[in-house]
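Residue 374, in this note's numbering, is where the sequence shown stops; the numbers in between run on with no holes. Glycine included, every Cβ here is placed at the ideal spot set by N, Cα and C.
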Amino acid sequence: MAETKGNFSTPNIPAPDIFASDTPGQNIPALDITVAIPTYNGAKRLPQLLERLQAQVNTAGLRWEVLIVDNNSQDNTAEVIEHYQAVGGLGVPLRSAFEPRQGAAFARQTAIQAARGEWVGFLDDDNLPEVNWVAEAVDFGRRHGQVGAFGGRIEGCYETTPPEGFEQIKAMLAIRDHGPEVISFEPKKLRLPPAASLVIRRQAWIDCVPTEPALAGKLPGVFIQGDDYEPLLYIDKGNWQILYNPALKTYHQIARQRFEREYLLTLARGCGLSTCQLALIADDSWCRPLVALRVFVGSLRRLTAHLLHSRGKANADLAAAVQLQFHLGSLLSPLYVRRWVRLPLRLVPKE
């Protein structure tokens, strides 16, 4: 995809002319899929995503809806949602829910509870799904009876040219491409799809995932990430498959400020700090301290190897610096397991 400076480069996809609305109080049967959009201050981002959903193709015969979860936004997100509802929606029911507890994990939990679909397809408000995204999600789910969740191919759509070395760290920003074949992820190794463009079997989530997350998601001043992996680990423990579907394609809009060095270092550190908490969920060992020790020793080994490989360039080279922060966060992660000690998740980044 071509890159432009100052504006996102996105595919030109026509939108249909006909709208339909969700009749209040109508007794709507169970749907095939709910497209759920958790959003915080997404007033400027939502319109483009909603227009992309309006342009979906091959949906004849599918029963689906769009559900926007307002995660306590402070801008005019609510007014944007109301506008689209007032003008007739998107050709499918457009509903909204409000989650006052800030954090993507809480917003996703609210989406699961409010969804009417057998499947819940999560899209971030800066995602632009391919025009067959809804149809592909439903079709793939129907063809794989044991799948509890699946992700797809996520291509970057950049506001400005990425920094040198970005290819080595792009997974931190949920840019993923695992090739042309369907593959199984490896939850025990914490190899999982991100929450951006993630499709969940709703009943698998309800049966397996605790209602209160240990990792809440991105918040101002919060380093610890991992909130997108936590529910997938529980779904895996419920003996559901977690797969990669290469035909499920999404474009992820990356704003220029997300390429700033401090942002990337903070993000990497936060991802690392979630390592032990996630490992404890994934591991069925009876001795949790041994799991933490294994995380510490493994992280120390990887940190040492990284320092030897970078040969003093760990801070000068952006990719090396980001990887260093991840390894440091992982090394320290046993200290931040919330069920062991009451440490605050709010950490003030270094100025």
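Taking the beta carbon of F173 as the centre, do at least 16 other beta carbons fall within 10 Å, making it buried, or is it exposed? Its Cβ being crowded by 16 or more others within 10 Å, F173 is buried.
Measuring CB to CB, does F208 end up less than 8 angstroms from L266? Against a cut-off of 8 angstroms, the Cβ pair of L266 and F208 comes out as a contact.
How do the region 334-354 and the region 255-275 stand: do at least 3 beta-carbon pairs fall below 8 angstroms, yes or no? No contact exists between the region 334-354 and the region 255-275.
Could you pull out every unbroken alpha helix (DSSP H) segment of at least 4 residues lying fully inside the region 294-336, listed in chain order? Taken in chain order, the complete alpha helix (DSSP H) segments of 4 residues or longer contained in the region 294-336 are 298-305, 311-333.
Segment contact, 8 angstroms Cβ cut-off, at least three pairs: the region 206-222 with the region 300-319: Touching, yes.
Start-to-end residues for the alpha helix (DSSP H) that takes in D230: For D230, the enclosing alpha helix (DSSP H) begins and ends at 225-231.
For L354 and R284, I'd like the C-alpha separation in whole angstroms. Cα atoms of L354 and R284: separation of roughly 21 angstroms, rounded to the nearest angstrom.
Buried or exposed, going by whether 16 or more other CB atoms sit within 10 Å of the CB of L358? Exposed.
For W142 versus G164, is the C-beta distance shorter than 8 angstroms? Yes, Cβ-Cβ distance for W142 and G164 is below 8 angstroms.
Can you list, in chain order, the residues of its chain with a C-beta nearer than 7 angstroms to that of T82? Leave out the 5 residues immediately preceding and following it. Apart from sequence neighbours up to five positions away, the residues of its chain that approach T82 with a beta-carbon distance below 7 angstroms are V157, A158, ordered along the chain.
Spatial neighbours of A342 in its chain, beta-carbon cut-off 7 angstroms, leaving aside the 5 residues before and after: Taken in chain order, the residues that qualify are G188, Q191, I192.
Counting only runs of 4+ residues fully inside the region 140-167, write out the alpha helix (DSSP H) ranges in chain order. You should have 156-166.
Whole angstroms are fine: how far does the CA of G84 sit from the CA of L287? Between L287 and G84, the C-alpha separation is close to 43 angstroms.
L351 versus M195 - alpha carbon distance: M195 has its alpha-carbon roughly 15 angstroms from the corresponding atom of L351.
Suppose contacts are defined by Cβ-Cβ distances below 8 angstroms. Is I223 in contact with F145 by that definition? A contact, by the Cβ cut-off of 8 angstroms.
By the three-class DSSP mapping on this structure, what secondary structure does E122 have? Look at E122 here: in three-state DSSP terms it is coil, with no helix or strand label.
If you run the structure through DSSP and keep just helix, strand and coil, what is E178? In this structure, E178 counts as strand in the three-state DSSP scheme.
Rounded to the nearest angstrom, what separates N150 and I229 at their Cα positions? Rounded to whole angstroms, the separation of the alpha carbons of I229 and N150 is 25 angstroms.
Cβ-based burial, D250 [other Cβ within 10 Å; buried from 16]: When all chains shown are included, D250 counts as buried.
Secondary structure of G171, DSSP reduced to three states: G171: strand per DSSP, three-state reduction.
Can you give me the C-alpha to C-alpha distance between S322 and Q348, rounded to a whole angstrom? Near 11 angstroms, if we compare the C-alpha coordinates of Q348 and S322.
What's the call for G202, buried or exposed, on a 16-neighbour Cβ count within 10 Å? Counting the other Cβ atoms within 10 Å of the Cβ of G202 gives fewer than 16, which makes it exposed.
With respect to the beta strand (DSSP E) encompassing Y267, which residues constitute its N-terminal and C-terminal limits? Note, Y267: beta strand (DSSP E), 264-277.
Give the single residue among A237, P70, F129, L117 whose Cα lies nearest to the Cα of I56. When the alpha-carbon of I56 is set against those of A237, P70, F129, L117, the nearest one is in L117.
Span of the beta strand (DSSP E) around T62: From DSSP, the beta strand (DSSP E) with T62 extends over 54-62.
Measuring straight from C-alpha to C-alpha, what distance separates A315 and L330? Those two C-alpha atoms are separated by around 22 angstroms.
Nearest-angstrom beta carbon gap, C231 and K260 [assumed within contact, 8 angstroms]: The beta-carbon distance between K260 and C231, rounded to whole angstroms, is 7 angstroms. This is short enough to meet the 8 angstroms contact definition.
Are A127 and A237 closer than 8 angstroms when you measure CB to CB? For A127 and A237, no; Cβs fall outside 8 angstroms.
Let's test the definition: count the other Cβ atoms within 10 Å of the Cβ of F121 and tell me whether it reaches 16, buried, or not, exposed. Exposed, by the Cβ-count rule.
For H106, is the classification buried or exposed, using 16 other Cβ atoms within 10 angstroms of its Cβ as the cut-off for buried? Under this definition H106 is an exposed residue.
So P61 and R131 are supposed to be a Cβ contact under 8 angstroms. How far apart are they, rounded? In this structure P61 is in contact with R131, their Cβ atoms being roughly 6 angstroms apart against a cut-off of 8 angstroms.
Under a three-way DSSP split, which group does I51 fall into? Because I51 sits at a pLDDT of 43, beneath the cut-off of 50, its placement in the model cannot be relied upon, and the point is left open.
Would you decide whether G168 is buried or exposed? Buried here means 16 or more other CB atoms lie within 10 Å of its CB. Burial call: exposed.
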